[in-house]
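Residue numbers (our numbering): 5 to 289.
Where a beta carbon is used, it is the ideal one built from N, C-alpha and C, also for glycine.
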């Protein structure tokens, strides 16, 4: 799916909601446990219940890989059940040396028909580049995450590539110190374009979105953390939206596990529609 197709979906649906299929088999309603494939049966019902109110689905591969071969099969069946009109994200957070990344890219873009995959950029450009070589596919690179551990590295102040020597030989002057995540955003933005590159930005750091938009004004942002993690959709929209919307807001547990009873699908529809209704008020078109 290319950018214009994605933007058209947002306009048609009046929504920038992505439903996260983080399907924990221990949390799905008990009546599914009699199904041959409980996870797929649950996902199928969730997709049917929410597809009119969202523009995409994000499959967190960890919840499927942890179930071995059966989990992988559930993931594939769920992926193929998602309508072709919807944006399909593999939340896999891959990133390795170039030839290994090339195999990951083949997995998610050729073997499996995902539109996008999340990528950890710590190993640098050669670990990201293989994903960017695919036409009409998206690399969604971790930018600023919402977990507590993001303070360990992402928020660190880092020195510039050069320092200005003062008259005192033991003192250097630094006029352009930045946070590490700002350097990461600037650098990675030069590797691709707003047509094939997105960034993950956690919703619980909505106050940082205005600064992030000054660095990458045109790129789409995938924003987790709204809903169960406490992020504010109003703040995310206020500080993160651009002229094309430029946002994909993910909600997982807040929708798929809104009810643990047999009414789970009805409740999922209700919650997804509530997101859509609110999102419509923030859209720029």
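Are there 16 or more other CB atoms within 10 angstroms of the CB of residue 289, so buried, or fewer, so exposed?
Looking at its Cβ environment, which holds fewer than 16 other Cβ atoms inside 10 Å, residue 289 is exposed.
Looking only at its chain, what residues have a beta carbon closer than 6 Å to the beta carbon of residue 256, apart from the 5 residues adjacent to it on each side?
So the list reads 24 and 26, once near-sequence residues are dropped.
Applying the 10 Å Cβ sphere with the 16-neighbour rule, what's the burial state of residue 153?
Note on residue 153: under 16 other CB atoms within 10 angstroms of its CB, so exposed under the neighbour-count rule.
What separation, rounded to the nearest whole angstrom, lies between the Cα atoms of residue 183 and residue 33?
When rounded, the distance between both Cα atoms is 44 Å.
Three-state secondary structure (DSSP) at residue 24?
It is a strand residue.
Residue 74 - containing alpha helix (DSSP H), residue span:
Residue 74: member of the alpha helix (DSSP H) spanning 72–85, first to last residue.
Is residue 61 buried or exposed, if buried means 16 or more other CB atoms sit within 10 Å of its CB?
With 16 or more other Cβ atoms from the protein chains shown falling within 10 Å of its own Cβ, residue 61 counts as buried.
Should residue 95 and residue 65 be called a contact, given that it needs their Cβ atoms to be closer than 8 Å?
Their beta carbons are under 8 Å apart, which means residue 95 touches residue 65 by this criterion.
Return the chain-ordered list of same chain residues with a C-beta closer than 8 Å to the C-beta of residue 181, the five sequence neighbours on each side being excluded.
Same-chain partners within the cutoff: 161, 162, 163 and 164.
Candidates 47, 58 and 102, of which the one nearest residue 83 by Cα
Out of 47, 58 and 102, 47 has the C-alpha closest to the C-alpha of residue 83.
In three-state terms, what does DSSP make of residue 126?
Coil at residue 126, not helix or strand.
If you reduce the DSSP assignment to three classes, tell me which class residue 254 lands in.
In the three-state DSSP reduction, residue 254 falls in the strand class (E or B).
Looking at residue 192: is its Cβ nearer than 8 Å to the Cβ of residue 87?
No, these two residues do not count as a Cβ contact at 8 Å.
Looking at residue 11 and residue 249, is the spacing between their C-beta atoms short of 8 Å?
Against a cut-off of 8 Å, the Cβ pair of residue 11 and residue 249 comes out as a contact.
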